[in-house]
Amino acid sequence: MYRLLFVFLCFNSLFVIAQTEIGIAQTESGIAQIESGIAQTEHGIEQVVTVADKSFLKRDFEQPAAQGEQDPEENHLRQEIFYFSQVNTFILRALVEDYAKQNQIEPEPAHIAGFKQVYANTGLTEEKLDSLAHFNALRFAVDKNLFKQFGGRVVFDQGHPNMPIEAYTKLLMAYKKMGRLVFHEQKYETLFWKSLERPGALDIPSADVKFDTPWWMRVAR
1151 MYRLLFVFLC
1161 FNSLFVIAQT
1171 EIGIAQTESG
1181 IAQIESGIAQ
1191 TEHGIEQVVT
1201 VADKSFLKRD
1211 FEQPAAQGEQ
1221 DPEENHLRQE
1231 IFYFSQVNTF
1241 ILRALVEDYA
1251 KQNQIEPEPA
1261 HIAGFKQVYA
1271 NTGLTEEKLD
1281 SLAHFNALRF
1291 AVDKNLFKQF
1301 GGRVVFDQGH
1311 PNMPIEAYTK
1321 LLMAYKKMGR
1331 LVFHEQKYET
1341 LFWKSLERPG
1351 ALDIPSADVK
1361 FDTPWWMRVA
1371 R
């Protein structure tokens, strides 16, 4: 998109060459600043949402699989839903990782090992299994801490069966107030806050809310 042209002027006089080299150094410094500004501008234009020091960019979107002949309106809707799911996943993952970092929360090794044992024969690569095990164990530790801090409603969510949704909402609102959660596209902000309401979700009775053992280890019993 942008092309920068460096022009070097050479002179026979050693004095002039010395002066020119100084000028070149100053020019290159200026060019570096311009390139940095261009990068920041492009980054700002491409940003969809920022959580703490991480941003999801437009180029990060994965494209939905082709569905063959389909009504354009339906195809657009399916694409938007697919895009939003990626934004939602990014926000919650980045939130978990940043909250854990800020509060010195680490996953329990036993919980990581338990996850690997349950999903050992599911066809996942070792690298993918390690990543999933670590994140799920970390998220469980964060869930436990968040529920202790905020309490509130807990729901059964796909892939997150014991989600303290009210605690997450309060934390996210605090992040927004602090400027640590910034949406750069209004449509995704509207959808995201609406999604946290979970009107049709299965509420877990308070008597059954427990954060002593992760769900995957309870299932394995």
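The sequence shown begins at 1151 in the working numbering and counts up by one.
Cβ atoms here follow ideal geometry from the backbone N, Cα and C, with glycine treated the same way.
Quick one, which of 1268, 1321 and 1279 has its alpha-carbon nearest residue 1252's? Comparing alpha carbon positions, the residue from 1268, 1321 and 1279 closest to residue 1252 is 1321.
Using only the alpha-carbon positions, how far apart do residue 1229 and residue 1212 sit? Cα to Cα, the separation comes out at about 10 Å.
For the alpha helix (DSSP H) that contains residue 1225, what are its first and last residues? 1222-1252 is the span of the alpha helix (DSSP H), which, as asked, contains residue 1225.
Bridge partners - residue 1200, DSSP secondary structure assignment: The partner list for residue 1200 (beta bridge, DSSP) reads 1205 and 1332.
Assumed close pair residue 1208, residue 1198 - CB separation to whole angstroms, cut-off 8 Å: About 6 Å separates the beta carbons of residue 1208 and residue 1198, which is inside the 8 Å limit, making them a contact pair.
Are there 16 or more other CB atoms within 10 angstroms of the CB of residue 1221, so buried, or fewer, so exposed? Counting Cβ neighbours within 10 Å, residue 1221 comes out exposed, since fewer than 16 surround it.
Who are the Cβ neighbours of residue 1279 in its own chain at under 7 Å, not counting the five residues just before and after it? So the qualifying residues of the chain are 1266 and 1269.
Using a threshold of 8 Å, state whether the C-beta atoms of residue 1204 and residue 1263 are closer than that. Contact: no.
Give the DSSP-derived three-state secondary structure of residue 1352 in the structure shown. In the structure shown, residue 1352 sits in a strand (DSSP, three-state: E or B).
Do the segment 1340-1357 and the segment 1306-1324 meet, that is, are 3 or more Cβ pairs less than 8 Å apart? Yes, the segment 1340-1357 is in contact with the segment 1306-1324.
Using the Cα positions of residue 1271 and residue 1336, report the straight-line distance between them to the nearest angstrom. Each residue's alpha carbon lies about 42 Å from the other.
Span separating the alpha-carbon of residue 1363 from that of residue 1240: A straight line joining the alpha-carbon of residue 1363 with that of residue 1240 spans about 25 Å.
My understanding is that residue 1249 touches residue 1292, with C-beta atoms under 8 Å, so please give their C-beta distance in whole angstroms. Confirmed, about 6 Å.
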